[in-house]
Structure formats: structure tokens, C-alpha cells
Amino acid sequence: MNSTRQLQHLYWRAGFGPRPQDLRVGLSPRKALRQLFKDSAQYEPLRVPALATTAEEPTMAADTGPTTARPAALTPEQRKARNQAERAAFAAMSTAWMSRMAFSPAQLREKMTLFWHGHFACRVKRPDMALRLHNTIRRLALGKFPDLLLAVSQEPAMLQFLNNQQNRKQRPNENFAREVMELFTLGRGHYTEADVKEAARAFTGWSFDEAGQFQLRARQHDEGLKTVLGRSGNFRGEDVLRILLEQPQAATFITTKIYRFFVNDRPNPAHIEPLAAAFRQSGYDVADLLERMFSADWFYEPANIGTRIKSPVELLAGIRRSLDVRLDNELPLLGIQKALGQTLFMPPNVAGWPGGRSWIDSSSLLLRLQLPSVLFRNAELALALKDDENDTSPNQTRTERSVKAGVGAHLPLAPLQQMLGTTPSNQHAGQLSTFLLQAPVRPENLVLIQQYAAQAPPAEVLRNVLIGLLSLPEYQLS
Amino acid sequence: MQRRDFLRTSALASTMLLVPKFLHALDHGPGLARLRDARGRRLIVVQLSGGNDGLNTIIPYQNDLYYQARPTLGIRQSEGILALDKGLGFNPAMRGLKELYDQGQVAILNSVGYPNPDRSHFRSMDIWQTGSAADQNLSTGWLGRYLDQDCTDCRLPYNALELDDTLSLALKGQQRKGLALKNPAKLQQLTSSRYLAALSHLDHGHEHHSEADYLYQTLAETTSSARYLYDKAKIYQSATAYPGSEFGKSLKTTAELINSGVESRVYYVSLAGFDTHVRQQEQQRRLLGELSDGLAALAADLRQSGEWANTLVLVFSEFGRRVGQNASNGTDHGTANNVLLLGGGLQQRGILNAAPDLADLDQGDLRYQIDFRGIYATILKDWLGSDDTRILGSGFERLTGLV
Numbered sequence: 001m002n003s004t005r006q007l008q009h010l011y012w013r014a015g016f017g018p019r020p021q022d023l024r025v026g027l028s029p030r031k032a033l034r035q036l037f038k039d040s041a042q043y044e045p046l047r048v049p050a051l052a053t054t055a056e057e058p059t060m061a062a063d064t065g066p067t068t069a070r071p072a073a074l075t076p077e078q079r080k081a082r083n084q085a086e087r088a089a090f091a092a093m094s095t096a097w098m099s100r101m102a103f104s105p106a107q108l109r110e111k112m113t114l115f116w117h118g119h120f121a122c123r124v125k126r127p128d129m130a131l132r133l134h135n136t137i138r139r140l141a142l143g144k145f146p147d148l149l150l151a152v153s154q155e156p157a158m159l160q161f162l163n164n165q166q167n168r169k170q171r172p173n174e175n176f177a178r179e180v181m182e183l184f185t186l187g188r189g190h191y192t193e194a195d196v197k198e199a200a201r202a203f204t205g206w207s208f209d210e211a212g213q214f215q216l217r218a219r220q221h222d223e224g225l226k227t228v229l230g231r232s233g234n235f236r237g238e239d240v241l242r243i244l245l246e247q248p249q250a251a252t253f254i255t256t257k258i259y260r261f262f263v264n265d266r267p268n269p270a271h272i273e274p275l276a277a278a279f280r281q282s283g284y285d286v287a288d289l290l291e292r293m294f295s296a297d298w299f300y301e302p303a304n305i306g307t308r309i310k311s312p313v314e315l316l317a318g319i320r321r322s323l324d325v326r327l328d329n330e331l332p333l334l335g336i337q338k339a340l341g342q343t344l345f346m347p348p349n350v351a352g353w354p355g356g357r358s359w360i361d362s363s364s365l366l367l368r369l370q371l372p373s374v375l376f377r378n379a380e381l382a383l384a385l386k387d388d389e390n391d392t393s394p395n396q397t398r399t400e401r402s403v404k405a406g407v408g409a410h411l412p413l414a415p416l417q418q419m420l421g422t423t424p425s426n427q428h429a430g431q432l433s434t435f436l437l438q439a440p441v442r443p444e445n446l447v448l449i450q451q452y453a454a455q456a457p458p459a460e461v462l463r464n465v466l467i468g469l470l471s472l473p474e475y476q477l478s
Numbered sequence: 001m002q003r004r005d006f007l008r009t010s011a012l013a014s015t016m017l018l019v020p021k022f023l024h025a026l027d028h029g030p031g032l033a034r035l036r037d038a039r040g041r042r043l044i045v046v047q048l049s050g051g052n053d054g055l056n057t058i059i060p061y062q063n064d065l066y067y068q069a070r071p072t073l074g075i076r077q078s079e080g081i082l083a084l085d086k087g088l089g090f091n092p093a094m095r096g097l098k099e100l101y102d103q104g105q106v107a108i109l110n111s112v113g114y115p116n117p118d119r120s121h122f123r124s125m126d127i128w129q130t131g132s133a134a135d136q137n138l139s140t141g142w143l144g145r146y147l148d149q150d151c152t153d154c155r156l157p158y159n160a161l162e163l164d165d166t167l168s169l170a171l172k173g174q175q176r177k178g179l180a181l182k183n184p185a186k187l188q189q190l191t192s193s194r195y196l197a198a199l200s201h202l203d204h205g206h207e208h209h210s211e212a213d214y215l216y217q218t219l220a221e222t223t224s225s226a227r228y229l230y231d232k233a234k235i236y237q238s239a240t241a242y243p244g245s246e247f248g249k250s251l252k253t254t255a256e257l258i259n260s261g262v263e264s265r266v267y268y269v270s271l272a273g274f275d276t277h278v279r280q281q282e283q284q285r286r287l288l289g290e291l292s293d294g295l296a297a298l299a300a301d302l303r304q305s306g307e308w309a310n311t312l313v314l315v316f317s318e319f320g321r322r323v324g325q326n327a328s329n330g331t332d333h334g335t336a337n338n339v340l341l342l343g344g345g346l347q348q349r350g351i352l353n354a355a356p357d358l359a360d361l362d363q364g365d366l367r368y369q370i371d372f373r374g375i376y377a378t379i380l381k382d383w384l385g386s387d388d389t390r391i392l393g394s395g396f397e398r399l400t401g402l403v
């Protein structure tokens, strides 16, 4: 396989897609990987100016449940205003992050943040809490996993989502301890119910104050002796996390998840075991793991190229990044996220998004294939979304739930023309397909696209070739 | 030439419509026969989204505790409550359903819920759609798993249909998924792009050797289903009058598909707007009227075509609401709720269990009497002839003799 093909694969997996200029530079995959790490060395928090707390907004006391709002404190008008502000803040966070995915040079950090966003799936009503968690993940995304695990576990958003503020000495709530074991570190079958109960005791008192800062409530903390996974001691929460990561299974579990996200949905033990061992040896150094994975020979095996169904946000980010598409209006992207089944900051449940073929059903596939026409031809998207499930826009009418496209997309053709150079126009489809597609495309489909496009006025031909290629099922794969 | 025009009129005659040959063999495969073994029976699920207030739907008008908890929100007999049985009566807006009830076409189950109820919309709706426990996270729907279980040979997704633009989790299985469509004409339009139709498929037969194959397979199935449904739907136009709302239209389309002979085993329809935290009366009354009129029309339509005896309708909401009204003349998220079953094939009718106990509450919320998964198990095994334990797990008591 030639170096360009390898580079494209690397950029699709370690980031959100190659740009023409990335390929023109002609770095070797090894050098390109090094550059990806360099470009992601700095941490830049996601900032949202729209996120402003007002005097009327009630503080979310630690004792309240995750999503049962207490409307008694607000008049209907105040409640409506608060809901609108929350919606606007989440919209701003989501579009800002999607822009980062498309345009930030720190591609590896963005991709890894997306991975952890699904791994540490969390869903809260308050956007400021969600953003805090998000930036914690972003900051520690490429560092040592124990640091990330501890920081995330102490985030108010996570404590609230997993009900740990209800975990008290006399009445432990096991949800947090269970999910930490099942979803964050070990996976099912590698701990017992007794372990969950004991671990829950160690996490008692982990809470947060009204300002949204972590707080250990000493009086609610059970200081007694606990036994977790064969170890005994007067464990605090931090101790339990350490014990969990002492299990070899933790390295296997995390490595397998990362492999399935970045390499292939079907885990290959021959690849994973050495990676997991090295991961453990390194003290769970995520950057080190990624480097080994992206440097492995098998990473570039045909079985791993063009065999991954893009998630909705990857699909959108890839189009924007590789074609340098600017949008006048980014808000319709949120409707597209929802219609395709992935709303950032709103995972379906604690297990995150299953991914792979679960992205695809008859409706979502049709929409994915229509998307280029919707974005670039202002094709009508007559689609009503499902009822809002967040209790912030109760009882919207169907019209209000309809997605109105109209992103106002600007698609510059010059970079593509430059890429095509002196290639004869009847080979444009073939040439562009090598840049846009990672899965092999049948020659007769290229002929079809070329024939279709050639019917248009000459000034439109290239654009139509492009849209034809983006509308192929193969474009759904990276 | 306009951009859009060239798409429509471009010479496609020469670029053959490469519909893979194997598709034609799929129209009458053994998989459909397997589903036909369910004696031609079908299930229509009506989801009330938002958490319908059960206590103002089926009103315990002879219970003082009800009026004590709802001084201004409680509905009085003098407002036209439609008396049923056991001191319960329908909301005045539900005349159509009352008629069906009097004809023995309705069964009511009170206090349906599950242990450790969740009061958030997305979580509780997930629980109902996946048929999971409160501390479980499943990524497949109960009806999707029904398809996985009973439709292993089925190639085409029209064996479970949702009347909407996007597919609910309830109909997503591991291998098989239902098909979402607002109506056959719209789906046909979406799939009628000549470009899509002309795309050549890697002809590997039935196996998915690659993800690309899987995508082409799904596309082919969708296109084929769209054509099938569109052609079938032309056969029958309903003459019954349905409410003009989206919900009414969805029910009408459902009846037309059924009466046209579409072999779908499952239909899924939603009615949204029940999240009545504020000024509940009018909003809920309007919606219950829509529900009632819609179901009455559906029943009449299917009766006159002889399909009502084969049809079971399940009406549910993701939770009920709190017993006490709130300060905004509405109610907040609650727990257990009533469930309605309708159909010509019901073996038991009327109010099948005790009215909700308003004296023994769980911090102001109703305690559940029946686990909703028992109802699912009953429907799966006794109505659809499937193996409920493989879809839901074991340990859920079926309601024997219900269907």
C-alpha cells in the first residue's frame, strides 16, 4: 500500500480526516504520527460565551435527583427562560466542539476526547457541569488513565448522574460503584456484588457543593474496613480506584475498547494482549498506547482500512474538514445529530453509544446518503425529530421538531482542482475517489457518477462529481 | 439546466437499474411464512410520550384521597366522567374509547410499572422500549429482539413498521431492525432517486462480508420495502374518518397498510405532548380526545375489513405522574401508570386489577402492581407466538388468559 493511502487511514482514525494539504506535504506515516502528537500537546479548554448563569437560576443542590427539576422554586415563565438558556448553552457547546473536530490542529486530542466522551458517558441538565466534565476529559485525554479516572469520578456531573450524592454511610447507593467497575474499568463478570457493595462504602461522602465543586462530606463517609477484590483496608474512594487499576483486566478492558474504536470493531487478541501489557507497564499511559497502536504494522492491514462505519459526528466533521466547508448556520447540525442518533452531551445511557452497525437503519442510512445533497444543494430535509426527551422543551409541536436544513454551506473547489491537476475530466471521479473514499468502489459506480455529473453545465461538473462520491455508501466508511 | 432538473431527466435508460437479482427471491421467503405462523396476528403499540397523567385519564372519582390530593386539578363527576367499573371512569374527552369499552374491546391494567422506577423521560422511555430493568442498559429494543428471534430468515424490514421519520430504539434489534416511515408515499419519494437505484451492489448473496456490503444490503432492503409498501398501499384507501392530527394520520396509514395486506407483525405509533407540568387540564384533555377518537376510528376501520380480531393495541406511557398536583395546576413526573389493551381478540375485558391505592404511596408516588415486562411477555408468547424468555429474560409472570 502506498504512503498516501496509509496517511489517509491514519488521519481518518487518529483524527477526523485528511485535508488535501496534509497529503501534499508528503510526510511518512511515522513522521505524520509524530506531528499529530505534537499538534495535540497543548490543552485548550472548550469555552462557550453563551454559558452565563443568571441570578434567577437555582443552584442544583447536591441532594436533588439528576433530572427531576424542582419547579416549585420557579414560576412557569422563569422555568421556561431557564430551559431556553440551558438549551442554548448545550447548542453552543455542541456546535463549538463540532467546529473543533473539523478545524482544530489538535486532531488527536479531539478524537480522544470524543472517545472518552462515550466511555465516560454522562448526561446532566446543567450545561456548566457538563462543560466542566468535558474539559476535564479534554485536559487529561492523552495522559495517564488513573489521573483521568480519578478526575472524572470526582466531577459533580458524574457524581450526580450516577447518584453518588445519595450514597451515604447509613444508606449506601451502589450505582456509582457499580458503573465505575462495569463501564469505566473492568467490565461485567470481573467483580462480585460484594465488591460493589464494599466499594460503594468507600465512595460515601463523595459529593459536591452548590458552586459545583467536588466536596468530601466527612460525616457521610464510611471510614470502616472494606474488602474489595481481595484487598482489605479502610479504603477511601481513591484507594478503590487504585485497586481496580491494579487488576490486569483493567488494562485489557480499556485497551480493547480503544482498539475497537480506533482499529476494528472485532477485537483481535493477538494485537490487544501485547498492547494491554505495555499499557499496564507504562502506568496506563494513553499517549504511549496510541503510539504503539498507530505504529503497528497491522494497523495498516487491509482488514482495518475502510471497514469502520463513521459515527454521525465523525461523518459531519469529516465532510467539513477534508473539504474545508464553512457554514453560515451551524444550528441545523444539531437536528442532524439527533436524526442520526448521536447528540453530543446526551448519550443514550451510561454505556454511551454502541457504534458500528447500530448507527444504521433504513431511515438513518437514507439520511446519511442524502446528507451531501442537503448540505450542498439545499435539498429539502423534510424530517421531524422525536419528542424532546430532556424535559427542556416539553410538548413541542411536530412542526417545531422538524429539521430545517439550510446550513448555508460554502464548498471551495480550488483545493480539489489543484489536487486534480491535469487529470482529464473524465477521470475526475476516479481520482477524487482515492482521496475521499477508504473503501474500494466499483468502477461502474464511478462511471455512473461521471456520467451523471457530465450532464450538468461545465461549471457544475466537478461539484456534482464530488456530491456523487459523498453520496455513495462507501463514503460512510473510514 | 437547473441543478435539480438534470438529476431527474438525465439519461438513465442506458445506465441499467442494477437491482440485484437476489432481491426478487426475497419477497416470499420462508421468513415471512414463519411470521405468518403467528396466525396473522399483529400488535400496534401506541406510545404516549411525556408521561401521561394516569389518574386524570382513568379517574378514581369515588376516592376522596384523589380530590384531597388534587383540589383544583381533580376532575369532578359533574364534568362528565365516563363511568367504567370499580369506582373508576374515563376522562370526559374519551367518548370513543368508552364506546369501545362498552363493546368489550378494551382491557385496563392499573398500576403498571417496575422496581426502582426512574423519573427521567429518556431513562424511563429507554427502560420501556428495551424491556430492561432499571439498573440495566440494553442497546436493543424489545420488538427489535422479537425480530431477531422470529425473523432470522426475513430479509426485508417491513415486518415491523414505525409511523415516523426516524426509528425508535424499541424496533432496533441486534441483526434486524424495523422500518420507519411517515407514510408510503414519502418513503417511496426518499428512495426513488435514480442515482441510488442505479448504484451497483457487490453481489455476495446473503452474507455480509464487509461493512460496505452491509450498507448496500440495507439500502437494497429499504428500497425494496419502500416499493412494496407503496404498491400495497395503493390498493386500499380508508373511508373512515380519522382525526386530522399527525397522530390521526399515522393511525389511518396504519389501517391502510393492514387492510392492504401488508404482512407487518408490528406497528409503532407515538402521540407526544403529555409532559403536563403546567396547566394540565386543557392540554391533556385535547390529547386524550385525539387518542380516543383516533383509536375508535382505527377499530371501526379494522372491524369493517375483518382485521380487528387479529389486532391487539397496547397503549402505554413511560411513567405516570405524582398523585398530588403541583403549584402550577399541573403534575410532576411519577411512577406507575395504567396501560390499555384494545382489540377484537381480547379474552378478558374491562378493568382487570384493583384501582391504584392512593393510601399506600411511595413518597407521594403510586406503587406498581404489575411489572410491564409481564405484559410484554404475555403479548410476545400468547399473542405473537414467540419465545418471550429469549427476548426479555425469564422471571416475568405472564397474564394468563388475557389474549
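Residue numbers (the working numbering), protein chains in the order written: chain X, 1 to 478; chain Z, 1 to 403. From the three backbone atoms N, C-alpha and C, an ideal C-beta is built for every residue, glycine too.
The beta strand (DSSP E) enclosing residue i, as first and last residue numbers
i, result
"residue 338/Z", "337 to 343"
"residue 67/Z", "Counting along the chain, residue 67/Z falls outside any beta strand (DSSP E), though it belongs to the alpha helix (DSSP H) covering 64 to 69."
"residue 272/Z", "266 to 272"
"residue 279/X", "From DSSP, residue 279/X is part of no beta strand (DSSP E) but of the alpha helix (DSSP H) over 269 to 281."
"residue 48/Z", "42 to 49"
"residue 247/Z", "Per DSSP, residue 247/Z belongs to no beta strand (DSSP E); it is in the alpha helix (DSSP H), 246 to 259."
"residue 301/Z", "Careful: residue 301/Z lies outside any beta strand (DSSP E), inside the alpha helix (DSSP H) at 280 to 304."
Pick from the options that is closest to residue i, judged by C-alpha positions
i, options, result
"residue 154/X", "214/X, 44/X and 229/X", "214/X"
"residue 338/Z", "328/Z, 144/Z and 371/Z", "371/Z"
"residue 165/Z", "329/X, 186/X, 363/X and 249/X", "363/X"
"residue 143/X", "326/X, 283/X, 417/X and 344/X", "283/X"
"residue 299/X", "285/X, 267/X and 279/X", "267/X"
"residue 218/Z", "196/Z, 358/Z and 41/Z", "196/Z"
"residue 404/Z", "249/Z, 230/Z and 231/Z", "Past the edges of chain Z, shown from 1 to 403, lies residue 404/Z, and the structure says nothing about it."
"residue 34/X", "108/X, 258/X, 82/X and 75/X", "108/X"
"residue 376/X", "294/X, 397/X and 462/X", "462/X"
"residue 190/Z", "167/Z, 356/Z and 223/Z", "223/Z"
"residue 216/X", "279/X, 385/X, 167/X and 312/X", "167/X"
Residue range of the unbroken alpha helix (DSSP H) whose run includes residue i
i, result
"residue 379/X", "No alpha helix (DSSP H) contains residue 379/X, which DSSP labels as neither H nor E."
"residue 116/X", "107 to 119"
"residue 310/Z", "No alpha helix (DSSP H) holds residue 310/Z; DSSP gives it neither H nor E."
"residue 83/Z", "Residue 83/Z -> not in any alpha helix (DSSP H); beta strand (DSSP E) instead, spanning 82 to 85."
"residue 90/X", "76 to 103"
"residue 197/X", "193 to 203"
Burial state of residue i (16 or more Cβ within 10 Å)
i, result
"residue 60/X", "Since pLDDT at residue 60/X reaches only 39, below the 50 mark, its modelled position is unreliable, and no value is offered."
"residue 400/Z", "exposed"
"residue 70/X", "Caution is warranted here: a pLDDT of 49 is assigned to residue 70/X, below 50, making its placement in the model unreliable, and the coordinate value is therefore given only provisionally. Exposed, because fewer than 16 other Cβ atoms sit within 10 Å of the Cβ of residue 70/X."
"residue 199/X", "buried"
"residue 237/Z", "exposed"
"residue 337/X", "buried"
"residue 28/Z", "Unreliable placement is indicated for residue 28/Z, whose pLDDT of 44 sits below 50; the coordinate value is still reported in the next sentence. Result: exposed."
"residue 474/X", "buried"
"residue 207/Z", "Per-residue confidence for residue 207/Z stands at a pLDDT of 49, beneath the threshold of 50, marking its modelled position as unreliable; no derived number is given."
"residue 374/Z", "buried"
Residue i beta carbon near the ligand FAD (any heavy atom closer than 7 Å)
i, result
"residue 406/X", "This structure lacks the ligand FAD; in fact it carries no ligand of any kind."
Any chance the stretch 267 to 274 of chain X sits against the stretch 441 to 460 of chain X, with 3 or more Cβ pairs inside 8 Å?
-> no
Assess, as a yes-or-no matter, whether the stretch 298 to 309 of chain Z is touched by the stretch 255 to 273 of chain Z under the definition of 3 or more beta carbon pairs within less than 8 Å.
-> yes
Taking contact to mean at least 3 C-beta pairs separated by less than 8 Å, is the stretch 215 to 231 of chain X in contact with the stretch 242 to 256 of chain X?
-> yes
Any 3 or more C-beta pairs closer than 8 Å across the stretch 165 to 179 of chain Z and the stretch 280 to 291 of chain Z = no
Count the C-beta pairs between the stretch 345 to 352 of chain X and the stretch 113 to 125 of chain X that are closer than 8 Å, then say yes if the count reaches three, no if not.
-> yes
Segment contact flag, the stretch 381 to 391 of chain Z with the stretch 83 to 98 of chain Z, C-beta cutoff 8 Å, min 3 pairs | no
With contact counted as at least three CB pairs below 8 Å, one residue from each stretch, are the stretch 403 to 419 of chain X and the stretch 229 to 236 of chain Z in contact?
-> no
Chain-ordered residues of the stretch 339 to 354 of chain X with a beta carbon less than 9 Å from chain Z | 339, 340, 341, 346, 348, 349, 350, 351, 353 and 354
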